[in-house]
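Chemist: Residue numbers (the numbering used here): 10 to 750.
We put the CB at the ideal spot given by N, CA and C, even for glycine.
1) Which residues in the same chain have their Cβ closer than 6 Å to the Cβ of residue 682, if we skip the five residues on either side of it in sequence?
2) Where does residue 58 sit, in a helix, a strand or coil, going by DSSP?
3) Check for me: the alpha helix (DSSP H) holding residue 368 runs from which residue to which?
4) Figure out for me which residue from 156, 642, 474 and 256 has the closest Cα to the Cα of residue 521.
5) From the DSSP output, in three-state form, read off residue 529 for me.
6) State the DSSP-derived secondary structure class of residue 198, mapped to helix, strand or coil.
7) What residues are listed by DSSP as bridge partners for residue 693?
8) Under a three-way DSSP split, which group does residue 709 fall into?
9) Is DSSP giving residue 161 helix, strand or coil here?
10) Do the region 448-455 and the region 381-390 meet, that is, are 3 or more Cβ pairs less than 8 Å apart?
11) Closer than 6 Å by C-beta to residue 749: which residues in its own chain qualify, once you throw out the five before and the five after it? Chain order, please.
12) Are the beta-carbon atoms belonging to residue 80 and residue 62 less than 9 Å from one another?
13) Return the residue from the list 578, 510, 689 and 695 that minimises the CA-CA distance to residue 715.
14) According to DSSP, is residue 467 part of a helix, a strand, or is it coil?
15) Using only the alpha-carbon positions, how far apart do residue 296 and residue 46 sit?
16) Tell me residue 145's beta-bridge partners as DSSP assigns them.
17) Determine, using beta carbons only, whether residue 254 and residue 300 come nearer to each other than 9 Å.
18) Could you tell me whether the region 481-491 touches the region 199-215, using the rule of 3 or more Cβ pairs below 8 Å?
19) In the DSSP output, what is residue 448 paired with across the bridge?
20) So, with DSSP's three-state summary, where would you put residue 730?
21) Taking C-beta to C-beta, are residue 426 and residue 109 nearer than 9 Å?
22) Distance check for residue 310 and residue 60, CA to CA, integer angstroms please.
23) Since residue 519 is in the beta strand (DSSP E), which residue starts that stretch and which ends it?
24) By the 10 Å Cβ neighbour count, where 16 or more other Cβ atoms means buried, how is residue 369 classified, buried or exposed?
25) With a threshold of 16 other CB atoms inside 10 Å of the CB of residue 595, please say whether the residue is buried or exposed.
26) Between the region 469-476 and the region 127-143, do at least 3 Cβ pairs fall closer than 8 Å?
27) With which residues is residue 267 paired in a DSSP beta bridge?
28) Taking the beta carbon of residue 288 as the centre, do at least 16 other beta carbons fall within 10 Å, making it buried, or is it exposed?
29) Measure the alpha-carbon distance for residue 623 versus residue 567 and round it to whole angstroms.
30) Whose C-alpha, out of 204, 646, 731 and 549, is nearest the C-alpha of residue 540?
31) Taking the beta strand (DSSP E) that residue 477 belongs to, which residues open and close that run?
32) Which residue wins for smallest C-alpha separation from residue 87, given the options 71, 590 and 101?
33) Just the Cα atoms here: how many angstroms apart are residue 292 and residue 298?
34) With distances taken from CA atoms, which of 406, 412 and 321 is nearest residue 458?
35) With burial defined as no fewer than 16 other Cβ atoms inside 10 Å of the residue's Cβ, what is the status of residue 389: buried or exposed?
36) Tell me the rounded alpha-carbon separation between residue 604 and residue 611.
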């Protein structure tokens, strides 16, 4: 048995619990307290005798994965009216990017760079889910994700700590609202704490090896911001962190989360992750797993039963302390009180909205529209001028599939309510333009060519080809990782054949991750990356294709040229030998039996260019934005000063459009090496054709701070570069200096 290292405990009287919570605790039997720490899985639409009896006896604090409203009402009725103390249940569900109205996958939402829309989407999801009795969601997922092979990158908000922090906090505000007890909100859960996105080789559940300085500067900031935003709960990661799985990691759960950050909510394990501590090899059995997890600071166990089976025994043996059980229970009871469950525990029919309300669909369409990223637009192929064409060939297995456009993690989505691209294009064009639709492939992974001929015939009869390709939803998400992230199946073969017809080709890609599409670029004119856009995918994409609005999405992750570049991300370190064009040498340019020379001695590969295919923050528009006249209010600032930068942004094109303006810095010399660029601000700005606007941002010394060698967060005096532009490759730059006090 591992020796327990006990928590610091305090008297319950000194904790900020309400009188309601204190009274309940004073009257709870030990097994009822432990029951509050246990979450069980529902029975999919019915209440089994076993589950009902467990709730009556006080052995259940939360139920997960039950969505039948009558069943949920029955469960709450048993808890409130048939258990000894009448404590209501937390009802958990993975409401990730919508409940019934499905919004773009989180990675797509991140491509919108719109905190306002992300917050609205979370609020709508909360309203819909809470209407049937759900009161807790396991979102947002704010793992920094630098590896597109990882299936759960689809559920992430991208690779950048600042963007992820801003959008993650927006999701928390949307889910929880100003008052969680409104009956229309959900308790949010920041997951997965911490470092899950760094899983080796992009394999789900794999080891993560992250030095503490990297952890604090890159992976932890979104969680700290979520805590500051008032997120109700945290979830521990499946993965280990430098040899200690997160569900048994006391340094992470107690020293960082509670002692440093003063987080007041509770922590839930991921699905059976406490039981899995012994599979990791950290413990010998379930009893040791329960001890290690509870002592680490995991308040509630999801689904597995190590707490239920062993905490009483561990308490009797004095391996754990009753005071810490009380603290964990009090946190859970406090959330139930904050949700208003003691006052209004049962479903109120007057709060039930009409699912797929027009206002909800309007937000879903706007978010889908702003999440689409225009990656390429050769020969101004887009927008399609429907007044000068007669026929459009719409080809691809994802062009008319209401299910696949919804993406991963849509347990409650209903594809019959999806509006597909085919539906929307026909609605847009009416009788003026004929949409010649052919699937071309039965599904995205198909290796058959039997549907090629009808697709080729449709293309030959059309003025423009719109190819809707990508990944099915099942190819991303939890446990759906890929070693090869090219277009699956025979999609590339279909592109090759159609590219030889001499027709303009617009490729719309739906996917849960960045794909390696470098070889495809020369074969198509335009590429619109739509991620998995959700219920309103069709109208959003159609509006963009026909120029009703201009694309404005920006990549929230870096697109690699080849899978061998992974991990590739914009905020890399400079290294001692950074790659340059002069140092770049390719494998086929090296003479046979060539002696080693200084050429190519840089941080690069021999078989591809060192740059990404598309950098972080990249996205084209139908218009053209020009940045100029970057000025700083001062070139030297004290730690107590503010730095104001201003620049001129002009829409130099012919279309009204939105631009996501981005501000980056570089700390040129630090006590630990600093990234080549770091995002510090961004804003969406809409300008009419020909319009210009003076744009200003303000930064403080806090925005320049980082964790040093002593793991202390501080800003250091020295010189900085600052850029503004439309992507992380921006070049408009100034320099300033932060002085000592």
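Modeler: In short:
1) Residue mapping note: residue 682 aligns to position 673 of the chain shown, counting from 1. Here the set comprises 582.
2) The residue you call residue 58 lines up with position 49 of the chain shown. Residue 58: helix per DSSP, three-state reduction.
3) Stepping through the chain shown from its first residue, residue 368 is reached at position 359. Counting along the chain, the alpha helix (DSSP H) containing residue 368 begins and ends at 367-380.
4) Working through the chain shown from its first residue, we reach residue 521 at position 512. Considering only alpha carbons, the answer is 156.
5) Mapped onto the chain shown, residue 529 falls at position 520. If DSSP states are grouped into helix, strand and coil, residue 529 belongs with the helices.
6) As a first step, residue 198 must be located in the chain shown, where it is residue number 189. Strand, per DSSP.
7) As a first step, residue 693 must be located in the chain shown, where it is residue number 684. The secondary-structure analysis by DSSP pairs residue 693 across a beta bridge with 669.
8) Along the chain shown, read from residue 1 onward, the residue named residue 709 stands at position 700. Correct three-state label for residue 709: strand.
9) The sequence position of residue 161 within the chain shown is 152, counting from 1. Reduced to three states, the DSSP call for residue 161 is helix.
10) no
11) Start at 1 with the first residue of the chain shown, and residue 749 comes out as number 740. Result list for residue 749: 726, in chain order.
12) Counting from 1 along the chain shown, the entry for residue 80 is found at position 71. Counting from 1 along the chain shown, the entry for residue 62 is found at position 53. No; because the gap between Cβ atoms is not below 9 Å, this pair is not in contact.
13) In the chain shown, counting from the first residue as 1, residue 715 sits at position 706. Of the listed residues, the one whose Cα sits closest to residue 715 is 689.
14) Within the chain shown, numbered from 1, the residue matching residue 467 stands at position 458. DSSP places residue 467 in helix when its eight states are reduced to three.
15) Here residue 296 refers to the residue found at position 287 of the chain shown. Here residue 46 refers to the residue found at position 37 of the chain shown. The alpha-carbon atoms of residue 296 and residue 46 are separated by roughly 16 Å.
16) In the chain shown, residue 145 corresponds to position 136, counting from 1. Per the DSSP secondary-structure output, residue 145 pairs in a beta bridge with 101 and 196.
17) Here residue 254 refers to the residue found at position 245 of the chain shown. Here residue 300 refers to the residue found at position 291 of the chain shown. No; because the gap between Cβ atoms is not below 9 Å, this pair is not in contact.
18) yes
19) Counting from one through the chain shown, the residue named residue 448 turns up at place 439. Listed as beta-bridge partners of residue 448 by DSSP are no residues whatsoever.
20) Start at 1 with the first residue of the chain shown, and residue 730 comes out as number 721. Correct three-state label for residue 730: strand.
21) Within the chain shown, numbered from 1, the residue matching residue 426 stands at position 417. Within the chain shown, numbered from 1, the residue matching residue 109 stands at position 100. Cβ atoms of residue 426 and residue 109: closer than 9 Å.
22) Numbered from 1 along the chain shown, position 51 holds the residue referred to as residue 60. Numbered from 1 along the chain shown, position 301 holds the residue referred to as residue 310. In a straight line, the C-alpha of residue 60 is about 16 Å away from that of residue 310.
23) Taking the first residue of the chain shown as position 1, residue 519 is located at position 510. Unbroken beta strand (DSSP E) run through residue 519: 514-519.
24) Counted from its first residue, the chain shown places residue 369 at position 360. Classification for residue 369: buried.
25) The sequence position of residue 595 within the chain shown is 586, counting from 1. Burial call: exposed.
26) no
27) To locate residue 267, count along the chain shown from 1; it is residue 258. Note: residue 267 sits in no beta bridge, so no partner.
28) Position 279 of the chain shown, counted from the start, is the residue given in the question as residue 288. Exposed: under 16 other Cβ atoms inside 10 Å.
29) The residue given as residue 623 occupies position 614 in the chain shown. The residue given as residue 567 occupies position 558 in the chain shown. Distance between the alpha carbons of residue 623 and residue 567 is about 6 Å.
30) Within the chain shown, the letter at position 531 stands for residue 540. When each option's Cα is compared against that of residue 540, the closest is 549.
31) On the chain shown, position 468 is the one that residue 477 refers to. Taken as a continuous stretch (DSSP letters only), the beta strand (DSSP E) holding residue 477 covers 473-479.
32) Along the chain shown, read from residue 1 onward, the residue named residue 87 stands at position 78. Just measuring C-alpha positions, the residue of 71, 590 and 101 sitting nearest residue 87 is 71.
33) Taking the first residue of the chain shown as 1, we reach residue 292 at position 283. Taking the first residue of the chain shown as 1, we reach residue 298 at position 289. Roughly 6 Å between the two C-alpha positions.
34) Taking the chain shown and counting its residues from 1, one reaches residue 458 at position 449. Among 406, 412 and 321, the Cα nearest to that of residue 458 is on 406.
35) Taking the chain shown and counting its residues from 1, one reaches residue 389 at position 380. Burial check for residue 389: the Cβ neighbour count within 10 Å stays below 16, so the residue is exposed.
36) For this step, residue 604 is matched to residue 595 along the chain shown. For this step, residue 611 is matched to residue 602 along the chain shown. CA-CA distance, residue 604 to residue 611, rounds to 17 Å.
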